[in-house]
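Student: Just so we're aligned, residue 16 is where the sequence shown starts under the numbering used here, counting upward by one. The following block contains the structure, expressed as structure tokens.
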Amino acid sequence: MKLHVNIPGASYPITIERGCLNHLATSIPYEKSTILVHDSGIPLQWVNMACDQLHPKAVFCFEQGEGSKNLHTLEQLLSAMFEAGLNRKSQVVALGGGVTGDMAGFAAACYMRGIDFYNIPTTVLSQVDSSVGGKTAVDLGCAKNIIGAFWQPKAVIIDPDVLSTLDDRQVSAGLAEALKMGLLFDESLVEAFEQDSPDLVSIIARSIDLKRGVVEQDEKEAGLRKALNFGHTIGHAIEGSFEDYEYLHGECVAAGMLYFITDPTLKKRVRRIYDTLHLPEIRDFDKAKVCRLLRGDKKGNENGISCVFVDKPGSFVFKTMAAEELDAMVERDPYEEYNR
Ligand SMILES: NC(=O)c1ccc[n+]([C@@H]2O[C@H](COP(=O)([O-])OP(=O)(O)OC[C@H]3O[C@@H](n4cnc5c(N)ncnc54)[C@H](O)[C@@H]3O)[C@@H](O)[C@H]2O)c1
Ligand SMILES: [Zn+2]
């Protein structure tokens, strides 16, 4: 399946196809000077498959994990690009999850004021969400995605077969972002999670297509795209509150969404889906630290922080919350009213 992201001056195709990692040359101009970026956690079989087709001038491997998504690793990557002699006509190819895509994309955005970027997402989270839309960034300490740029990829290549090596916890965490898309925009995507054996490929395709639609309407997050922050306001703060990133991004977003679903029936429904996905209940965070991090939220201004609420699947409302109101929310247990 091929989708097309139509953004003035920066349109690009998304290929979603089992086995398409075997046919990279149809999407990526392999004759150009390329740096392939991946982390230490992705199985080498995928790296080798990509290298065999792209013959990159350099391969940059960094230590896996959110803890690497920082200026230090970015500098190492940019140095590797410079040392490999990459120029304005060269390209960066990311092969990996959201951490790899965010950092490689930002390196492409910065290097010589911007060179071509291709993204091959290999986690569910990156396939359903982060690979499309052009948001690239690194973290600054525990402040997530604070240094970044909008930089659209030239193409996104999604091969669901690469997920065969991904562990179940990562799969579930990624699916939380797809569920978020359903809750915001399309109840049938929520229903897809309630089937006896949910079809992963169609969930990926539906989710990324919804993201495509949002990005086309609002590339730079002036309005509609802000809805994608559903679950992220408190979720990001919870994620950043743990020194060692104990919980995965999607797990924190799942927890974060519960604070902003006020209808108890819908909350119950969502919790049931969390149970089938074996998403953890996250209660062991430092509440004071989460509140501190919320005060530094990028979406905040002097009136408070713009938050997204969902009460009916497929629709949402924005509400500006004062810091004190959010503090009170963080104090409450989001799992309390749920009876299995
Ligand atoms: N740019 C955006 O719009 C956007 C949106 C959502 C999230 N994000 C970012 O995405 C990041 C999280 O992404 P993630 O969940 O993909 O994490 P990740 O990139 O750290 O990948 C998770 C783990 O899976 C491993 N892995 C990757 N592919 C694999 C495969 N096929 N088989 C086995 N292991 C594999 C990696 O080595 C890593 O250890 C966060 O930094 C978040 O801020 C960005
Ligand atoms: Zn997210």
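C-beta atoms are modelled at their ideal positions from N, C-alpha and C, and glycine is treated no differently. These figures come from a predicted structure and were not determined experimentally.
1) Work out the CA separation of V323 and S212 for me, nearest whole Å.
2) Measure the Cβ-Cβ separation of G329 and G197 and say whether it is below 9 Å.
3) Rounded to whole angstroms, what is the Cα-Cα separation between V108 and L199?
4) CB-CB under 7 Å to F275, same chain, minus the five flanking residues each way: which ones, in chain order?
5) Can you tell me whether DSSP reads G189 as helix, strand or coil?
6) Could you give the first and the last residue of the continuous beta strand (DSSP E) run that contains P136?
7) Taking the C-alpha atoms as reference points, what is the distance between L181 and L59?
8) For a test of the three-state rule: what should DSSP assign to F208, helix, strand or coil?
9) Is S141 near ligand 1, going by C-beta to nearest heavy atom under 8 Å?
10) Consult DSSP for L18 and reduce its assignment to one of helix, strand or coil.
11) Could you spell out the range, first to last residue, of the beta strand (DSSP E) harbouring F77?
12) Is A252 near ligand 1, in the sense that its beta carbon is under 8 Å from a heavy atom of that ligand?
13) List the DSSP bridge partners of C322.
14) Going by the beta-carbon positions, is the gap between I57 and V74 smaller than 9 Å?
Tutor: The structure says:
1) 30 Å
2) yes
3) 31 Å
4) F245, G246, C322, V323, F324, V325, listed in sequence order.
5) helix
6) 131 to 136
7) 13 Å
8) Here F208 sits in helix by DSSP.
9) yes
10) strand
11) 73 to 77
12) no
13) K334
14) no
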